[in-house]
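Trainee: Starting off with a structure, shown below.
In UniProt numbering, the protein residues as written are 1 to 296.
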């Protein structure tokens, strides 16, 4: 364990991937085999961590439930998170597993390719949930959960009494992992955040637009569905109906982490008392600011 914000009380839990992001970005259009100039950065990342960092920027106090190795990369990462005032003493620090890493290449035409090496998170299993039986027992705030956990662990969480009735906010991490979230379609209190492609994979049929997809997910039994579609209309289907809005147009300069920023902004807005339309508006504006390269 680490010290981190040991005496802080969290108001959101972020469960899932905490790792290093290695991102190569170029301002030119790229195709398979492209060899171009650009910038390569290493930043703290992972879906759960991206949500936590964005939530912190909106004034929330996130605690991280994940695994970080006791290697040099892990010590450096945890030190960086402590400086960001995230609660890190809830992390599982592994003696024998390396710190996970994500690598992506982005061009002017968006994400070209990415590889997520989250094997330590997959191997450590439910050890990351230990704080729920200790200092976080009975936590009643929102819980952000990402699909980088194994299919088995996600299914167990969906049926776990500790999460029954919890304000679960779930994201698939990538289209390739969307089907891992099937058990949450009938969880009594889950809000699912997906893009249009991921919604189609969960519904086993392509969807024409976000409002249609959100309503179809609700019809399958989901408590609440938030569906985005890049620069096109986004929607939130809930027990009282559906709200939708087109994102404001911006020049896209980065894409990795945009969905996580959207999700964190939506959660923070609702915690602050915003209704369905206002929360969706706030999240869309935050994501637009993020992808344009401005600070949020």
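Using N, Cα and C, we set each Cβ at its ideal position, and we do this for glycine too.
These numbers come from a predicted model, not from an experiment.
Compute the beta-carbon to beta-carbon distance between residue 279 and residue 58, rounded to the nearest angstrom, for a pair I have assumed lies under 8 Å.
Mentor: About 12 Å separates the two Cβ atoms, so there is no contact after all.
Trainee: Under the rule that 16 or more other beta-carbon atoms within 10 Å means buried, what is residue 133, buried or exposed?
Mentor: By the neighbour-count rule (16 or more Cβ atoms within 10 Å), residue 133 is not buried but exposed.
Trainee: In angstroms with no decimal places, state the Cα-to-Cα distance between residue 4 and residue 193.
Mentor: Low confidence applies to residue 4: its pLDDT is 47, below 50, so where it sits in the model is not reliable, and the reading given next is rough at best. Rounded to whole angstroms, residue 4 to residue 193 spans 29 Å at the Cα level.
Trainee: So the beta strand (DSSP E) residue 235 belongs to, where does it begin and stop?
Mentor: Its beta strand (DSSP E) spans residues 232-238.
Trainee: Please specify which runs of the alpha helix (DSSP H), each continuous and at least 4 residues long, are wholly inside the stretch 65-128, giving them in chain order.
Mentor: Counting whole runs of 4 or more residues, the stretch 65-128 contains the alpha helix (DSSP H) stretches 72-83, 119-124.
Trainee: Residue 289 by DSSP, collapsed to three states: which one?
Mentor: Residue state, collapsed to three classes: helix.
Trainee: Tell me, please, which residues DSSP counts as bridged to residue 44.
Mentor: Its beta-bridge partners are 20.
Trainee: Please go through the same chain and pick out, in chain order, the residues whose beta-carbon is closer than 6 Å to the beta-carbon of residue 220, but skip the five residues on each side of it.
Mentor: Closer than 6 Å at the Cβ level, and outside the excluded window around residue 220, lie 185.
Trainee: Is DSSP giving residue 140 helix, strand or coil here?
Mentor: DSSP places residue 140 in coil when its eight states are reduced to three.
Trainee: Taking only the alpha-carbon atoms, compute the straight-line gap between residue 25 and residue 68 and give it to the nearest angstrom.
Mentor: For residue 25 and residue 68, the distance between alpha carbons rounds to 26 Å.
Trainee: In angstroms with no decimal places, state the Cα-to-Cα distance between residue 135 and residue 85.
Mentor: Going from the Cα of residue 135 to the Cα of residue 85 covers about 18 Å.
Trainee: Given a threshold of 16 other Cβ atoms within 10 Å of its Cβ, counted over all protein chains shown, does residue 23 qualify as buried or as exposed?
Mentor: Flag for residue 23 reads buried.
Trainee: How big is the Cα-Cα spacing for residue 101 and residue 277?
Mentor: If you take the alpha carbons of residue 101 and residue 277, they lie about 36 Å apart.
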